[in-house]
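These notes are about the structure you will find just below.
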Amino acid sequence: MRTPRLLLPLLFCILSFSVEAQFTVSGKIVDSATKEPLVGASVYGQNTTVGTVTNKQGEFSLQLKSGGYELIVSFTGYQTRQLRISQADVTIPDIELVREEKSMTEVIIKSSNELKDGWERYGGFFVEHFIGTTPNAAKTTLLNPEVLKFYLLKKSNKLRVLATEPLQMENKALGYTLRYQLDSFIYNYNTDIS
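Per the numbering used here, the sequence shown runs over residues -7 to 186.
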């Protein structure tokens, strides 16, 4: 009779240690100048698959495992913000995003080099080098290729790909959808390095 009495408390201890603690972080994303809420802003924990978008009031709620994280906040036309958070930060004060300033020379350079048929000509090449060629990569679909802009830099023999919004990818082999903020993808044809 003594063995069952000891077994139950031991089992309870083992189960309580195996449960991972989680915390919920919430906040509001607003325009820094107008203080208006930003609807549809992306909020995610860096190096995680956990993310969300803001609602009509610019509010978000995100459940993360215990620990410290870099919280990434992005919205098209605004500078991306990065904040360090931990489980002590359950409610974050309003996060203000600043509008990006576009310089005229940047617009001129991009418009002269942009390939209008970039996805048709280089889409397969981009997917092969960005996502890969493994069996799991073969079951990955880029859901919003229209946000990609392709530039062929003839003098340096490079292909540059930019995204106007975070890329959305679905991996059916592993069962997840991923949002990825692509700053720049450059492939150098001289060295075969991306």
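Backbone N, C-alpha and C define an ideal beta-carbon position, used for all residues, glycine too.
Nothing here was measured: the structure is a model prediction, and the numbers come from that model.
Does DSSP classify residue 114 as helix, strand or coil? helix
Just reading off the beta strand (DSSP E) that residue 155 is part of, what are its end residues? 150 to 155
Can you confirm whether residue 171, when its beta carbon is compared against all beta carbons of chain D, has any partner nearer than 8 Å? Among the protein chains of the structure shown there is no chain D, as only one such chain exists.
Per DSSP, residue 18 is paired with what? 53 and 83
Assign residue 45 to one of three DSSP states: helix, strand, or coil. strand
Starting from residue 142, follow its DSSP beta bridges and name the residues at the other end. 153
For residue 67, does the three-state DSSP call read helix, strand or coil? coil
Since residue 38 and residue 64 should fall inside the 8 Å C-beta cutoff, what is the C-beta to C-beta distance between them, to a whole number of angstroms? 5 Å
Buried or exposed for residue 66, please, with buried defined as at least 16 other CB atoms from any protein chain shown within 10 angstroms of its CB. buried
Is residue 163 near the ligand GDP, going by C-beta to nearest heavy atom under 7 Å? Of ligands this structure carries none, so the ligand GDP is not represented either.
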